[in-house]
Amino acid sequence: MAVIARGPWCIMNKKDKALEKLGQIIQDMELKAGDRLPSERRLETMLEVSRNTLRSILHSLEARGLVAIRPGSGCYMRVGISTAHDNPLDLNLSPEKVMADQLEAAYLLLPMIAEHAADRIGERQLEELKRCSVDISRSIFQESPKRVWNQCLTFFRLIAIGTGNDFLVRTVEQVCSADMAAYDIFFTLRRDEREAIFADHIKLMHALRARDSEWARAITANYFLRMCSILEEREQIPMTDLVFRSLREKTEQRDRGGTWPV
Numbered sequence: 005m006a007v008i009a010r011g012p013w014c015i016m017n018k019k020d021k022a023l024e025k026l027g028q029i030i031q032d033m034e035l036k037a038g039d040r041l042p043s044e045r046r047l048e049t050m051l052e053v054s055r056n057t058l059r060s061i062l063h064s065l066e067a068r069g070l071v072a073i074r075p076g077s078g079c080y081m082r083v084g085i086s087t088a089h090d091n092p093l094d095l096n097l098s099p100e101k102v103m104a105d106q107l108e109a110a111y112l113l114l115p116m117i118a119e120h121a122a123d124r125i126g127e128r129q130l131e132e133l134k135r136c137s138v139d140i141s142r143s144i145f146q147e148s149p150k151r152v153w154n155q156c157l158t159f160f161r162l163i164a165i166g167t168g169n170d171f172l173v174r175t176v177e178q179v180c181s182a183d184m185a186a187y188d189i190f191f192t193l194r195r196d197e198r199e200a201i202f203a204d205h206i207k208l209m210h211a212l213r214a215r216d217s218e219w220a221r222a223i224t225a226n227y228f229l230r231m232c233s234i235l236e237e238r239e240q241i242p243m244t245d246l247v248f249r250s251l252r253e254k255t256e257q258r259d260r261g262g263t264w265p266v
């Protein structure tokens with residue numbers, strides 16, 4: 005198997021090496037969901053790290069939903085890990101990979117959430133969405149990328165709240181947990197591109213108010229396809245294969261005289 009050079013910035017530090025070794029230990033012990041990891045004292049010795057470093061590793065795995073830490077009882081596997089991965093607990097994803105995966109997850113999940121919200125969202129949430137869209141407009145006027153990002157996150161979180169499903173709210177929060185660097189380039193885009201992105205928020209709000217679930221889903225999918233296309237063109241952030249195929253299908257549909265979902 006060919007080894008791909010990852011550059012000097014990806015050289016493993018002590019914590020990374022311990023994380024890789026812990027993944028191997030879990031595989032060797034064949035631990036499954038619900039199984040208890042070795043004690044902290046034993047793991048310290050096995051991984052050759054301090055208690056603080058070990059706890060930092062375990063808390064990072066808990067944040068990812070891989071383990072559950074039960075005070076006074078120990079640390080337990082919440083899910084099984086893949087035996088087909090050389091380093092199943094690896095956190096060393098490139099920024100480009102993180103963003104591509106984040107956008108793919110958003111493209112897959114958020115249109116379905118918007119579709120569901122169209123059937124269930126209440127008038128109060130719709131009014132909150134309206135106020136949020138005004139805040140997005142103000143952030144654009146103030147040329148504040150961070151505020152634009154925060155308000156857009158709030159916008160999609162409000163849509164998830166509109167489903168009435170708390171798990172979907174947490175899903176949106178998790179999908180958007182990594183800082184969306186796409187908004188760092190927002191004010192380098194052409195004016196028509198910025199306006200198209202903002203217009204998608206307004207269209208989506210109208211679709212939800214009209215209880216048009218298919219329209220809500222199409223607008224949300226189009227929103228993230230647009231973002232992926234811009235990032236690949238401007239920032240060399242490659243689309244995942246799934247997103248690339250979806251965008252190509254939309255383009256071919258448009259070229260055949262079909263309609264691009266709006």
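The sequence shown begins at 5 in the numbering used here and counts up one residue at a time.
A virtual CB, placed ideally from N, CA and C, is assigned to each residue, including glycine.
Source: prediction; values computed, not measured.
Task: From Ile234, Met103, Ile223, Leu113, residue whose alpha carbon lies closest to that of Ala164 - done: Leu113
Task: For Asn154, the three-state DSSP class (helix, strand or coil) - done: helix
Open item on the list: Using 8 Å as the threshold, is the C-beta distance between Glu119 and Arg221 below it?
Closed with: yes
Task: 8 Å Cβ cutoff met for Thr158 and Cys136 - done: yes
TODO: Measure the alpha-carbon distance for Phe145 versus Asp259 and round it to whole angstroms.
DONE: 35 Å
Open item on the list: For Ser43, count the other beta carbons within 10 Å of its own beta carbon; 16 or more makes it buried, fewer makes it exposed. Which is it?
Closed with: exposed
Open item on the list: I need the straight-line Cα distance from Arg230 to Ala110, nearest angstrom please.
Closed with: 12 Å
Task: In DSSP terms, what Ala72 is bridged to - done: Tyr80
Task: Outcome for Met33 when other beta-carbon atoms lying within 10 angstroms are tallied against a minimum of 16 - done: exposed
Open item on the list: Contact defined as beta carbons within less than 8 Å: I believe Phe190 pairs with Val152. What is the distance between those atoms, to the nearest angstrom?
Closed with: 6 Å
TODO: Please report how far the alpha carbon of Glu147 lies from the alpha carbon of Leu193, in whole angstroms.
DONE: 12 Å
Task: Beta-bridge partners of Arg40, as assigned by DSSP - done: Tyr80
Open item on the list: By the DSSP assignment, the alpha helix (DSSP H) with Ala220 in it spans what residues?
Closed with: 217-239
- [ ] Starting from the C-beta of Thr175, find all residues in its chain whose C-beta is less than 6 Å away, skip the five residues before and the five after it, and write them out in chain order.
- [x] none
Task: Val71 beta carbon less than 8 Å from that of Leu62 - done: yes
- [ ] Pull up the distance between the alpha-carbon of Leu93 and that of Glu239, whole angstroms please.
- [x] 28 Å
Task: Of the listed residues Ser64, Lys254, Thr244, nearest to Ala104 (C-alpha basis) - done: Thr244
- [ ] Classify His210 as buried or exposed, calling it buried when 16 or more other Cβ atoms lie within 10 Å of its own Cβ.
- [x] exposed
Open item on the list: Can you list, in chain order, the residues of its chain with a C-beta nearer than 8 Å to that of Val83? Leave out the 5 residues immediately preceding and following it.
Closed with: Ala37, Gly69, Leu70
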